[in-house]
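Peer 1:
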Amino acid sequence: MDPKVKDKTGEKKKPKKIISMEAKHEIIAKHEHCVHIIDLANEYGRNPSTISTIIKQKEAIKKLQPSKGFTISSNIHDEMEQLLLLWIKEKELAGDSVPGVIICE
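Residue numbers (our numbering): 98 to 202.
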């Protein structure tokens with residue numbers, strides 16, 4: 098038996114449900130507007146202890162910003178990449194090889 102797949106009775110475990118940061122921010126905001134924990138638990142389909150844990154950690158959660166999933170490069174980075182590409186092409190035209198280690202430096 099693989100402990101990650103089955104519990105002690107041999108049945109498959111339920112997959113862990115992850116609450117998004119946006120949902121956590123909503124829960125905190127609603128709780129601050131006097132919505133009861135049990136009502137929030139019913140609304141989000143979670144255990145009241147889970148909602149209580151989110152409320153207890155609200156200061157840490159408020160400080161965190163949700164990830165956008167991508168980074169924005171500045172104009173300096175774009176210009177540097179263009180100059181690097183130009184330098185590589187010049188080296189290739191001159192017959193020199195440019196190893197990746199040199200480029201990474």
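We treat Cβ as the ideally placed atom computed from N, Cα and C, and that holds for glycine.
Is I134 closer than 9 angstroms to I148 when the C-beta atoms are compared?
Peer 2: Yes, Cβ-Cβ distance for I148 and I134 is below 9 angstroms.
Peer 1: Can K121 and I151 be called in contact, C-beta distance under 9 angstroms?
Peer 2: In this structure, I151 lies closer than 9 angstroms to K121 by Cβ.
Peer 1: Report yes if the C-beta distance between K127 and L137 is below 9 angstroms; otherwise report no.
Peer 2: Result yes, Cβ atoms of K127 and L137 sit closer than 9 angstroms.
Peer 1: In three-state DSSP terms, what is I153?
Peer 2: Looking at the sequence provided, one finds Lys at residue 153 rather than Ile. Three-state DSSP puts K153 in a helix.
Peer 1: Sorted by chain position, which residues of the same chain lie with C-beta nearer than 6 angstroms to S194's C-beta, five sequence neighbours on each side aside?
Peer 2: Nothing listed; no residue qualifies.
Peer 1: Can you give me the C-alpha to C-alpha distance between E129 and P145, rounded to a whole angstrom?
Peer 2: Approximately 16 angstroms, taken between the alpha carbons.
Peer 1: With distances taken Cα to Cα, identify the nearest neighbour of E123 among K109, K155, K111, E108.
Peer 2: Answer by Cα proximity: K155.
Peer 1: By DSSP, does K186 sit in helix, in strand, or in coil?
Peer 2: Here K186 sits in helix by DSSP.
Peer 1: Secondary structure at K114, three-state DSSP: helix, strand or coil?
Peer 2: Here K114 sits in coil by DSSP.
Peer 1: Nearest-angstrom Cα distance between P196 and E187?
Peer 2: C-alpha separation (whole angstroms): 14 angstroms.
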